[in-house]
Amino acid sequence: MAVIASCVLSHAALATDWPGFPLTASTARAELSFGLSTVGDKVSYTPNLPTGGFAPPRKKPRYQSRITSINWQANPDWRFTGEHQQQRFISLRDNFSFNRLSFSAEYQLPAIQPHTRTSLDFTISSNRSSVLNKNSYTRIKDNLLTSLRINNPSDLQWQTNVSQTRDISTHSRLTFFTGMGRISSGHDGITGLVRDSSGCQYGFDFGNSGGEIDQLGQCGTVTALNRQYPSDATISRELGVAPIKDLQNNAWFYRVGGGLSTSHQRWSGHIAYYYQQYLRDDLDSRIVANGGTIYDNNQVLALEATHRTGKKLSLSATLEYNQHRFLDKIPVLYTRLTASRFRNDVVYLTLRANYSFAP
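Take the sequence shown: its letter number 92 is residue 299 in this note's numbering, and every next letter is one higher.
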């Protein structure tokens, strides 16, 4: 666990989520890590079919991720970590995929007291997908949203932390950290289908600066209808959803946490905790105004065990409890239409194999 990894342990396991590991006085080294992450929670995936009805149910894990990371200690003071994840999120009707890239740099400050290390780190990360097809239905005022396609959704997150680690024995140490950051998410436009209270169906195509609605087929005596909307506000008044304000998650956040690390021969153990609070720009106020529930904080507890099987190979297993599932991992999915999916907690299981290029 990156908060508190010792010199003989894998730093890669939670590299970008847990700042403040104590840098060692070893020579330059690199470590390559491959991992799989999943949750015990499974869902009967039964999407809506275009012809009506539902597809046959299939049991699938609610979340899966394939992880590749490399961390490089350039010298005793600097360490760099890069990571790529292929993430899949599945609910009753929806199946979303994201690629996540992250990079972090950590610098150990000159020591002021013996057995105590203070470090600064900076992390930048992004989740991206070419398209999200929302198959589940969503009621908005008197309209039923039956299909939604979000083009090129993405988020960008940066954070900086300061951490302090103190040796409490030969093989144990405590770490405390605090930090802050910023999340910005967006998309290149949305298209979809909506049905009004009279049963009339419309197709819509909205960008970030306006869009249009077309009537699909005859509705009563009206055979065709096209309406142009010049702004996000006019779309919101007509359809009840704003493509920009309702589907973009922009927020500041801060976090505090700490952990304990211990090791014995080839084994090591870690326990760590952090609390994270979000201060969103407009999204949460719109969720509340439309009768929804917001999720603006998260608590995370992680346990990790690592075993060195040889001079260069180690295996690690991590259990990570999140009070609100996916809230910190995929910010782009937190929108007015999907916020309710973050209400439950979750436990992630991550297994990794780590290969060290130490001399």
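We put the CB at the ideal spot given by N, CA and C, even for glycine.
Query                                                                                                                                                                    : Result
At the level of alpha carbons, what is the spacing between GLY464 and ILE442?                                                                                            : 42 Å
Rounded to whole angstroms, what is the Cα-Cα separation between LEU534 and ILE397?                                                                                      : 23 Å
Report all residues from its chain with a CB closer than 7 Å to the CB of ARG434; omit the five preceding and five following residues, and keep chain order.             : GLU419, ILE420
In the DSSP assignment, what are the bridge partners of ASN306?                                                                                                          : GLN293, ARG335
Could you tell me the distance, in whole angstroms, from the CA atom of LEU520 to the CA atom of VAL401?                                                                 : 54 Å
Beta-carbon within less than 7 Å of HIS471's beta-carbon, same chain only, minus the 5 sequence neighbours each way: which residues are those?                           : HIS378
When the distance is taken between beta carbons, is ARG532 closer than 9 Å to TYR270?                                                                                    : yes
Please report the Cβ distance between ASN342 and SER392, rounded to the nearest whole angstrom; I am assuming they are in contact, meaning their Cβ atoms lie under 8 Å. : No, ASN342 and SER392 are not in contact; Cβ-Cβ is about 21 Å, not under 8 Å.
Would you mind sorting VAL429 into buried or exposed? The rule is 16 or more other CB atoms within 10 Å of its CB.                                                       : exposed
For my contact list, THR367 and GLY388 are in at a C-beta cut-off of 8 Å; report their separation, rounded to the angstrom.                                              : 7 Å
Exposed or buried, THR513, counting other C-beta atoms within 10 Å across all chains shown (16 or more means buried)?                                                    : buried
By DSSP, does SER240 sit in helix, in strand, or in coil?                                                                                                                : strand
Could you check the C-alpha separation between GLY339 and THR545 for me, to the nearest Å?                                                                               : At residue 339 the sequence reads Leu, which differs from the Gly that was named. Approximately 12 Å between the Cα atoms of the pair.
With a threshold of 6 Å on Cβ separation, who are the neighbours of ILE347 within its own chain once the five nearest residues in sequence on each side are excluded?    : GLY447, VAL448
Look at the alpha carbon of TYR528 and the alpha carbon of CYS407, and state the distance between them as a whole number of angstroms.                                   : 45 Å
Inspect the beta-carbon positions of SER304 and THR275 and report whether they are closer than 9 Å.                                                                      : no
What is the rounded straight-line gap between the Cα of GLY417 and the Cα of GLU511?                                                                                     : 49 Å
Just how far apart, CA to CA, sit GLY517 and ASN278?                                                                                                                     : 19 Å
Could you tell me whether the segment 292-301 touches the segment 316-329, using the rule of 3 or more Cβ pairs below 8 Å?                                               : no
Tell me the rounded alpha-carbon separation between GLN425 and ALA312.                                                                                                   : 59 Å
Let me know the secondary structure DSSP gives ALA318 once reduced to three states.                                                                                      : coil
I need the straight-line Cα distance from ASN306 to PRO257, nearest angstrom please.                                                                                     : 27 Å
For VAL539, name the three-state secondary structure that DSSP assigns.                                                                                                  : helix
If we call anything under 9 Å between Cβ atoms a contact, is LEU423 one with GLY414?                                                                                     : no
Measuring CB to CB, does HIS394 end up less than 9 Å from PRO437?                                                                                                        : no
Would you tell me roughly how many angstroms separate the C-alpha atoms of GLN292 and ASP362, rounded to the nearest one?                                                : 14 Å
Here's the rule: buried if 16 or more other CB atoms are within 10 angstroms of the residue's CB, otherwise exposed. What is THR542?                                     : buried
How is the alpha helix (DSSP H) around SER416 delimited, first residue to last?                                                                                          : It is not in any alpha helix (DSSP H) - SER416 carries neither H nor E in the DSSP assignment.
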